[in-house]
Amino acid sequence: MTSDLMEKVVSLCKRRGFVYPGSEIYGGLANTWDYGPLGVELKNNIRDFWWKTFIHGREEMFGIDGSIISHPRVWEASGHVENFKEPLVECKSCHKRFKAENATSNKCPECKGELTEEKMFNGLFKTFLGATEDSSSIAYLRPETAQAIFINYKNILDSFHPKLPFGIGQIGRSFRNEVTAGNFIFRDLEFDQMEIEYFIDPQSDWQKYFDQWQEEMKKWLVAVTGAPEAKISIREHGDKERSHYSKKTVDIEYEYPFGKKEVWGLAYRTDFDLAQHQKFSGVNLQYRTEDGRDFIPHVIEPSFGMPRTLLITLLEAYKEEDKRVVLKLNPKLSPYKVAVFPLLANKPELVKVARQIFDMLRPELRTAWDDRGNIGKRYLSQDEIGTPWCITVDFQTLEDNTVTVRDRDITKQERVGIDKLIEYFQNKMK
Ligand code: GAP
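My numbering applies: residue -17 is where the sequence shown begins, and numbers increase by one.
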């Protein structure tokens, strides 16, 4: 199934409202995607799971939500204006750009026109602040959420006086002027990142913290996506590939249907960023220990990208079995936890009770309503979007106040009292 798995997942995403191609009615815009009603729920559930695990779940972590546009000096200090470039070639006829490493001849892969020599292109999205468009009003959309953390590090010190090691995490949008299209949401012009800057004493054993984060990341990848460990691997960057700020970088990789590629990155950024911001801003960013030592902390950076997390979650959940397509999502991530059906849509006495149950469950659990077609079709429809439980109100309900609850994975039903439903699902969700 793997070779066409991508196609099937992409098609399901579009058909059922997870992910739509960006600007579709205008013919699309490469590397942009819109999350539909189910996609946004899945994304929010992954986001909340990350926040609970890494921010709420750890005593030494602080969450922030920094602005997307920051002072242009931030990106000069961080080195992105200078270094966030990659070698591209451009077609002299159609003016499309391609990564130099992917150009196997001097002919354009699309229109066969002649390609230019390699040129360095900057991946930052540029904009202008205020009414004038000149070099004094240039601003950049952030290419990583990390810098918002570095420029708020001092605020966190002043407000919370944390002891080292401590971390600051945030989730937010990043923007990159990517030229390579394909593989669905794998590489986008804009995407959510979930990043942590973990500040440590430079005298401590950075490799120990690095290794611990590597394990945490692998563990969370298995927990969130259900991917087997055998499909996950670690690849260290060589000297040429490593970013300008990093002393050691590894990619957490996964076996996608289109090959083994990066999911997330982990880097030892040393004191590069804080030292640069101290130099460029003139503000003292040193940390003072209880015994009076002053230094700039070093940083381990686990950097998680949302689209690849979501893609792997869908790829791993997608199953075809017994003539049905089922998304075996972790119920915590499923867009809907429960769906409620009246057995027959034309029996008002059944519809009335089903609506009462729907209204009772909605404040507690994301709940869907379906009264179209027959029960079998409704089950199949909910299986395809990963709803773990379906409730049917039938004629027995009117006699004994019980309903059937059908389990997505084992396709078995059991009868549960209406008054026990909330507790029943709360226990299941544990
Ligand atoms: N702050 C470090 C940093 O941004 P990165 O390896 O460039 O490191 C981190 O990006 C993660 O963000 C990647 O591992 C990937 O999951 C995600 N990511 C990066 N560029 C992306 C893109 N164009 N589309 C989708 N996700 C992307």
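The C-beta atom is built at its ideal place from N, Cα and C for all residues, glycine as well.
These figures come from a predicted structure and were not determined experimentally.
Between the segment 41 to 60 and the segment 198 to 214 there are fewer than three inter-stretch CB-CB distances shorter than 8 angstroms, so the stretches are not counted as touching. Distances from the CA of LYS101 to each of GLU68, VAL281, ASP255 and GLY4 were compared; the closest alpha carbon is that of GLU68. Boundaries for TYR8: no beta strand (DSSP E) harbours it, and the DSSP string shows neither H nor E there. Inclusion of LEU343 and VAL322 in the CB contact set at 8 angstroms is warranted, their separation being smaller than that value. It is roughly 22 angstroms from the alpha-carbon of PRO125 to the alpha-carbon of ASP221. Distances from the alpha-carbon of ILE167 to those of ILE400, GLU6 and LEU292 put LEU292 closest. Judged by DSSP in its simplified three-state form, LYS402 adopts helix. HIS53 carries a coil assignment under DSSP once its states are collapsed to helix, strand and coil. Excluding the 5 residues flanking it on each side, ARG79 has same chain C-beta neighbours closer than 6 angstroms at LEU70, GLU72 and VAL161, in chain order.
Taking a contact as a CB-CB distance under 8 angstroms, the pair ASN13 and ASP170 counts as one, their CB atoms being some 5 angstroms apart.
Counting along the chain, no alpha helix (DSSP H) covers ARG344, and no H or E run does either. By the criterion of a C-beta distance shorter than 7 angstroms, LEU20 is surrounded in its chain by ARG(-2), GLY(-1), PHE0, PRO317 and ILE367, once the five residues flanking it on both sides are discounted.
Only buried fits PRO370, as 16 or more other CB atoms lie within 10 angstroms of its CB.
In the displayed model, GLU64 falls within a helix according to three-state DSSP. Counting along the chain, the unbroken beta strand (DSSP E) around VAL307 starts and ends at 306 to 309.
Check the Cα spacing between GLY61 and each of TRP33, MET288 and PHE254: the tightest is with PHE254. A check of alpha carbon separations from PHE377 across GLN395, ARG354 and VAL335 identifies VAL335 as the nearest.
Not one heavy atom of the ligand GAP falls within 7 angstroms of the beta-carbon of ARG217. Within the DSSP bridge table, the entry for GLU303 names ARG306 as partners. Rounded to whole angstroms, the gap between the alpha carbons of ASP(-14) and PHE240 is 10 angstroms. Sequence-distant Cβ neighbours of SER119 in its own chain, meaning closer than 6 angstroms and more than five residues away, are PHE110, LEU111 and GLY112. With respect to TYR300, LYS(-10) sits close: the two C-beta atoms are nearer than 8 angstroms.
In this structure, the ligand GAP has no non-hydrogen atom nearer than 7 angstroms to the beta-carbon of VAL161.
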